[in-house]
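Notes for the one structure printed next.
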Amino acid sequence: MTDLDKHNRMANAIRFLSMDAVEKAKSGHPGLPMGAADIATVLFTKFLKFDPNVPNWADRDRFVLSAGHGSMLLYSVLHLLGYEDFSIDELKRFRQMGSRTCGHPEYGHGAGIETTTGPLGQGLGNAVGMAIAEKLQSARFGDDLVNHFTYVLAGDGCLMEGISQEALSLAGHLKLNKLVVIWDNNDITIDGSVSLADSTNQIARFQASGWNTIEIDGHDPEAIEAALTAAKESDKPTMIAAKTTIGFGAPTKAGTNKVHGSPLGEAEIAEARKALGWDAEAFDVPSDVRDAWRIAALRSAQARKDWEERFEAADTELRLEFERRLRGDLPMTFEQAVQDYKKELAETQPTMATRKSSEAVLKVLNGIIPETIGGSADLTGSNNTKTEQTASVTPDDFSGRYIHWGIREHGMAAAMNGMALHGGLIPYSGGFLIFSDYCRPSLRLASLMNQRVIHVMTHDSIGLGEDGPTHQPVEHFAALRAIPGMRFFRPADITETLECWQLALEHKDGPSILALTRQNLPSVRKEYEAKNLCAKGAYVLKDSDDAAQVTLFATGSEIEIALEASDKLAAKGITSRVISVPSFELFEEQSDAYKADIIGDSPIKIAVEAGIRQGWDRFIGPDGGFVGMTGFGASAPYKELYEHFGITADGVVGEVEKRLPAESAE
35 MTDLDKHNRM
45 ANAIRFLSMD
55 AVEKAKSGHP
65 GLPMGAADIA
75 TVLFTKFLKF
85 DPNVPNWADR
95 DRFVLSAGHG
105 SMLLYSVLHL
115 LGYEDFSIDE
125 LKRFRQMGSR
135 TCGHPEYGHG
145 AGIETTTGPL
155 GQGLGNAVGM
165 AIAEKLQSAR
175 FGDDLVNHFT
185 YVLAGDGCLM
195 EGISQEALSL
205 AGHLKLNKLV
215 VIWDNNDITI
225 DGSVSLADST
235 NQIARFQASG
245 WNTIEIDGHD
255 PEAIEAALTA
265 AKESDKPTMI
275 AAKTTIGFGA
285 PTKAGTNKVH
295 GSPLGEAEIA
305 EARKALGWDA
315 EAFDVPSDVR
325 DAWRIAALRS
335 AQARKDWEER
345 FEAADTELRL
355 EFERRLRGDL
365 PMTFEQAVQD
375 YKKELAETQP
385 TMATRKSSEA
395 VLKVLNGIIP
405 ETIGGSADLT
415 GSNNTKTEQT
425 ASVTPDDFSG
435 RYIHWGIREH
445 GMAAAMNGMA
455 LHGGLIPYSG
465 GFLIFSDYCR
475 PSLRLASLMN
485 QRVIHVMTHD
495 SIGLGEDGPT
505 HQPVEHFAAL
515 RAIPGMRFFR
525 PADITETLEC
535 WQLALEHKDG
545 PSILALTRQN
555 LPSVRKEYEA
565 KNLCAKGAYV
575 LKDSDDAAQV
585 TLFATGSEIE
595 IALEASDKLA
605 AKGITSRVIS
615 VPSFELFEEQ
625 SDAYKADIIG
635 DSPIKIAVEA
645 GIRQGWDRFI
655 GPDGGFVGMT
665 GFGASAPYKE
675 LYEHFGITAD
685 GVVGEVEKRL
695 PAESAE
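Residue 700 is where the sequence shown ends in our numbering, and the numbering goes up by one at each step.
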């Protein structure tokens with residue numbers, strides 16, 4: 035058997051496992067696995083550095099299937115290589131309830147899946163973050179411990195999505211030479227030919243963004259090998275344009291959109307078996323092919339053992355630090371630093387915008403947590419995410435801790451997910467809350483993958499003032515609180531900001547957003563309290579000696595208004611309590627008894643927040659009062675805006691008084 039014959043049989047194993055799984059499920063995308071099987075065979079058997087027996091080895095190469103609909107390509111390869119999580123039984127359960135072989139690859143469902151993909155372009159964005167993380171970690175721990183590549187298989191859809199331009203332009207700027215994107219250039223989308231909707235010269239586009247580009251026949255194993263060899267030697271990121279035929283081997287459907295997202299059908303599969311000379315039954319891999327794949331799986335075992343020897347020989351302190359960061363544990367000094375700063379704040383009672391509070395907190399935290407990597411989407415001076423410890427990362431120097439993401443919110447959020455997935459780093463970034471709309475798909479995936487990424491989102495309400503309704507988020511609190519697993523924090527002062535940062539950093543298993551003000555806010559926490567009060571999501575900030583007639587719930591900048599309203603109510607002989615609600619999500623995690631105690635039994639309940647009402651009925655009930663926004667904002671100084679929209683202490687008192695007569699009558 036020639037080398038070409040051997041390659042073809044190994045690639046055909048991917049094709050037929052994929053065809054068979056999709057056919058059994060009566061659902062899926064056989065076209066990409068069939069068309070890209072030659073690429074995957076060469077990449078995994080000759081280039082990718084990995085070990086199925088130690089699948090999470092820190093210095094493994096990363097493979098990202100950005101075109102996640104072709105998931106059976108990845109599952110088939112992982113099965114053939116001997117990954118335990120992907121037995122033949124799992125392949126037979128493709129797209130079924132409880133299987134590891136989901137319709138699109140899902141991180142955490144099995145070793146070998148580096149990220150959740152499916153929304154096109156996201157995998158490419160994640161991979162840029164992984165490549166950034168590799169360079170950052172290499173700059174810290176040296177090439178002996180960190181020296182690996184990130185490979186991406188992307189389709190036409192990935193490159194059409196706008197996120198791809200944000201991702202690839204940043205990668206070119208940063209000279210991420212260990213990033214290799216293989217474009218499965220098959221000219222087909224769901225609707226038909228790519229030419230129906232697009233005529234972009236993708237090669238010129240990548241070149242214009244600072245990439246090395248190579249064009250090849252994606253079915254020629256020698257050309258694939260030569261291109262990947264050249265890519266590893268480049269001083270730029272590399273895009274390999276691999277011309278392929280979607281559904282390669284299908285006699286009547288190859289090269290058409292009919293093979294993109296539907297099973298081939300038994301008759302077409304039978305003819306494909308004849309055309310490709312594959313005699314094996316469904317889900318059966320001939321022993322010679324299986325042996326060839328399993329031998330290929332051993333290729334990097336020695337590299338992994340050599341790495342372990344280098345790791346054991348490294349300085350003990352360096353080794354322990356490397357392992358701590360990979361585990362995601364915070365330094366031992368973290369808790370004490372938080373308490374020391376909290377005591378200082380209780381004494382000094384600073385008045386400042388919570389975006390400035392966040393900067394002050396970060397000056398403390400960045401000093402003791404060396405793995406935090408900050409950044410901003412071209413809003414550094416507004417987000418206040420850069421501190422004295424975070425020198426800028428540049429194309430030629432990755433020793434810094436601050437990434438200038440540029441005006442690329444979507445790409446930034448996706449890359450942050452990739453950095454977190456890579457491990458060893460805690461990425462945080464800055465943007466305006468209104469632009470969370472641009473980040474939302476990546477924020478959702480961060481939650482789906484349980485990744486610790488922290489987004490500082492400032493200018494969080496009409497309180498930003500003159501920039502007007504285009505920049506004033508009103509529905510965004512509710513929209514972000516709606517994402518399962520997302521922790522949305524809206525702190526009221528610097529002490530709450532510190533506590534929210536603490537909670538975000540300690541939360542290993544999910545993303546957090548800190549929504550922060552542009553306008554100054556007074557300190558509302560007057561005394562030192564060792565306990566993190568924000569940890570329960572809502573707590574009594576001001577209590578009443580007698581049974582409270584009114585309970586006021588508020589967040590962020592509106593806490594000041596609620597406290598002033600409480601004083602005005604007291605002057606009228608009306609008893610009230612004020613509840614700070616920095617996190618809806620954490621509140622819902624508390625016991626029923628705690629939640630009932632916080633909500634209380636006051637006959638009048640009012641919520642105050644400079645956003646829409648949605649979500650607040652949980653606290654105030656459908657008949658409760660709400661002082662906030664019912665439409666978009668306006669352009670004016672912020673104090674005038676609060677007066678105009680009635681989000682004032684007097685507005686709160688008025689809302690209470692509207693309810694008093696009826697209550698009194700009862």
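Quick reminder that beta carbons are idealized off the backbone N, C-alpha and C, glycines included.
Around Leu170, the same chain offers Phe432 as residues with beta carbons nearer than 6 Å, after the five sequence neighbours per side are excluded. The C-alpha of Val180 lies about 18 Å from the C-alpha of Ser268. Of Leu187, His138, Ser61 and Ala165, the smallest CA-CA separation from Ala71 is found for Leu187.
Around the CB of Asn235, fewer than 16 other CB atoms lie within 10 Å, so the residue is classed as exposed. Secondary structure note for Glu643: its beta strand (DSSP E) is the uninterrupted segment Ile638 to Glu643.
Beta bridge pairing from DSSP links Lys576 with Val612. Here the region 524 to 540 does not lie against the region 669 to 677, with fewer than 3 beta-carbon pairs under 8 Å apart.
Per DSSP, the unbroken beta strand (DSSP E) holding Gly662 starts and ends at Gly659 to Gly662. Taking the CA atoms as reference points, Leu99 sits about 12 Å from Val111. A Cβ-Cβ separation of about 6 Å places Ile197 in contact with Gly445 under the 8 Å criterion. In chain order, Lys542 place their CB closer than 6 Å to the CB of Gly362, counting only its own chain and leaving out the 5 sequence neighbours on each side. Contact check for Gln156 against Ala516 fails: the beta carbons are separated by 9 Å or more. Listed in chain order, the beta strand (DSSP E) elements of length 3 or more contained wholly in the region 452 to 529 are 460 to 466, 488 to 492 and 521 to 523.
For Ile73, the enclosing alpha helix (DSSP H) has its first and last residue at Gly65 to Val76. Judged by their CB atoms, Leu202 and Ala165 are not nearer to each other than the 9 Å cut-off.
With fewer than 16 other Cβ atoms inside 10 Å of its own Cβ, Ala304 counts as exposed. Asp93 counts as buried, since no fewer than 16 other beta carbons sit within 10 angstroms of its beta carbon.
In this structure, Val487 keeps its C-beta atom at 9 Å or more from the C-beta atom of Ser391. Asn566 and Glu343 have their C-alpha atoms roughly 43 Å apart. Phe666 is classed as exposed because its beta carbon has fewer than 16 other beta carbons within 10 Å across all chains shown. For Ala205, same chain residues with a beta-carbon under 6 Å away, outside a window of 5 residues either side, are Val162, Leu213 and Pro271 in chain order. By the Cβ-count criterion, Leu332 is exposed, with fewer than 16 other Cβ atoms from all chains shown falling within 10 Å of its own Cβ. Between Phe511 and Cys568, the C-beta spacing is not below 9 Å.
In the three-state scheme derived from DSSP, where H, G and I count as helix and E and B as strand, Tyr185 is classed as strand. When secondary structure is reduced to three states using DSSP, Ala668 falls in the coil class, being assigned neither helix nor strand.
Segment contact: the region 472 to 484 against the region 225 to 239, fewer than three CB-CB distances shorter than 8 Å; contact not assigned. Taking the CA atoms as reference points, Gly146 sits about 17 Å from Leu360. Taking the Cα of Asn90 as reference, the smallest distance to any Cα among Glu598, Asp577, Ala394 and Gly458 is reached at Gly458.
Collapsing the DSSP output to three states places Leu354 in a helix. Taken through DSSP and simplified to helix, strand or coil, Ser198 comes out as helix. Per the coordinates, the alpha-carbon of Gly132 lies some 14 Å from the alpha-carbon of Ala59. Per DSSP, reduced to three states, the secondary structure at Met273 is strand.
Shortest Cα-Cα distance from Ala454 to any of Ser591, Glu592, Arg552 and Gly408 involves Gly408. The beta carbon of Asp232 sits closer than 8 Å to the beta carbons of Asp190 and Met194 from its chain, once the five residues preceding and following it are set aside; these are given in chain order.
One thing to note: Gly502 has its Cβ no nearer than 9 Å to the Cβ of Ala683. Rounded to whole angstroms, Leu597 and Trp341 show a C-alpha spacing of 59 Å.
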